[in-house]
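**Q** Going by full-length UniProt numbering, the first residue of the sequence shown is number 1, and it counts up by one from there. Glycine residues also receive a C-beta, built at the ideal position from the N, C-alpha and C atoms. Sharing a structure, written as structure tokens. Questions coming.
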Amino acid sequence: METFHDDYKAVLAQIQDDIICAKSLVFHEKGWVFGTLYLYPNSCQHSMGTVEREMQKKAFRLSKFFIPSTRSSDSFSQVALSLGILPNDPPVKPPILVYWTRPPDNWVALNTDGAACNNHAAGGGIVRYRRGVHLANFFTYYGNGTNNEAESRAILEGISLCKSLGYCNILILTDSNLCFKWFSKVFKIPWPLRVWWKKIWDIAASCQVTIEHTYREGNYAADHLASLGIKHRGDGAANCQVDNKFKQILVGDSLNIPNIRFRQ
1 METFHDDYKA
11 VLAQIQDDII
21 CAKSLVFHEK
31 GWVFGTLYLY
41 PNSCQHSMGT
51 VEREMQKKAF
61 RLSKFFIPST
71 RSSDSFSQVA
81 LSLGILPNDP
91 PVKPPILVYW
101 TRPPDNWVAL
111 NTDGAACNNH
121 AAGGGIVRYR
131 RGVHLANFFT
141 YYGNGTNNEA
151 ESRAILEGIS
161 LCKSLGYCNI
171 LILTDSNLCF
181 KWFSKVFKIP
191 WPLRVWWKKI
201 WDIAASCQVT
211 IEHTYREGNY
221 AADHLASLGI
231 KHRGDGAANC
241 QVDNKFKQIL
251 VGDSLNIPNI
261 RFRQ
């Protein structure tokens, strides 16, 4: 990009990554290419007005075939309006209330979550009774790894903990849709993760285990624990009498206080 005209660079500076990525998905063979890298690849002699008009023309052509499923970001809308393009957004979805999912009687709920940041992965989980009574929790640092690996290993650690404590009726609650599908054997598991899932299924075969997908807003306790693993880069457990944030989450869940999920 160093060879581009200064005016063109100024336009690029106003365009966020989401615009560049979205427009670069257009099929090249249909002549709709709008990715900013394709506007003037071999020439730098165009004025700002020419670049702007070309962007408008190609954006209008693209808009006839593009049906958005989510609303544009504020930065996207601002740039579009500055180019004279009215953003085509779907209707605003109302927020929803998300509650912690209570297990059936004589079952325990195991909330698990994984986290990955800058190639550092960690997982966390918490075991509770139906009324939100805290039984045990953990967080573990896994070292280098992906988020999917962290999610998988957190589930393995969680059900291993439940079994070691004598709880064999386990409801797993995860905000990872992939893990939910993998446990249900709907999706094929990537080979690097199969070693963990074989262990998960081996333990699940000796217990009564079921799994449900929950939104992140209903999984804040496990999310907090996983973040502690990343923060401390070590293993441990949270003390709900000392960790005020953790305590607030547990009290809110036990009292059935919902969290708000905003949808785009």
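Name, in chain order, the residues that DSSP records as bridge partners for residue 212.
**A** Residue 212 pairs with 173.
**Q** Under 8 Å: do the stretch 163-175 and the stretch 218-232 share three or more Cβ pairs, one atom per stretch?
**A** Contact holds: three or more Cβ-Cβ distances are below 8 Å.
**Q** From the DSSP output, read off the bridge partner residues of residue 110.
**A** DSSP output for residue 110 lists 127, 172 as bridge partner(s).
**Q** Going along the chain, which residues of its own chain have a beta-carbon closer than 6 Å to the beta-carbon of residue 80, five neighbours each way excluded?
**A** Result list for residue 80: 87, in chain order.
**Q** Can you give me the start and stop residues for the alpha helix (DSSP H) that residue 229 sits inside?
**A** That run of the alpha helix (DSSP H) goes 220-232.
**Q** Buried or exposed: where does residue 128 fall if 16 or more other Cβ atoms within 10 Å of its Cβ makes it buried?
**A** Flag for residue 128 reads buried.
**Q** Measuring alpha carbon to alpha carbon, tell me which of 151, 108, 214, 255 ends up nearest residue 193.
**A** Ranking 151, 108, 214, 255 by Cα distance to residue 193 puts 151 first.
**Q** With a threshold of 16 other CB atoms inside 10 Å of the CB of residue 244, please say whether the residue is buried or exposed.
**A** That one is exposed.
**Q** With DSSP collapsed to three states, give me the class of residue 186.
**A** Note: residue 186 maps to coil in three-state DSSP.
**Q** What residue range does the alpha helix (DSSP H) around residue 158 cover?
**A** Start and end: 147-164.
**Q** Please go through the same chain and pick out, in chain order, the residues whose beta-carbon is closer than 8 Å to the beta-carbon of residue 200, but skip the five residues on each side of it.
**A** If we look at residue 200 and ignore the five residues flanking it on each side, its Cβ neighbours are 152, 155, 156, 159, 183.
**Q** Is it true that the stretch 229-236 meets the stretch 96-110, where meeting means three or more beta-carbon pairs spaced less than 8 Å apart?
**A** The stretch 229-236, when compared against the stretch 96-110, does not touch it at the 8 Å Cβ threshold.
**Q** Name the DSSP beta bridge partners of residue 96, please?
**A** Residue 96 pairs with 261.
**Q** Label residue 70 either buried or exposed according to how many other C-beta atoms from any shown protein chain fall within 10 Å of its C-beta, with 16 as the threshold for buried.
**A** Exposed, by the Cβ-count rule.
**Q** How many angstroms separate the CA atom of residue 103 from the CA atom of residue 246?
**A** One C-alpha to the other measures close to 20 Å.
**Q** Tell me, please, which residues DSSP counts as bridged to residue 132.
**A** Answer is none; residue 132 lacks a bridge partner.
**Q** Tell me whether residue 239 sits in a helix, a strand or coil according to DSSP, three-state version.
**A** Coil at residue 239, not helix or strand.
**Q** Suppose contacts are defined by Cβ-Cβ distances below 8 Å. Is residue 132 in contact with residue 254 by that definition?
**A** The answer is yes: Cβ separation under 8 Å.
**Q** Check each candidate in 101, 73, 168, 145 and name the one with the smallest Cα separation from residue 263.
**A** For residue 263, the nearest C-alpha among the options comes from 73.
**Q** Determine the contact status of residue 145 and residue 225, defining contact as a CB-CB distance below 8 Å.
**A** No, these two residues do not count as a Cβ contact at 8 Å.
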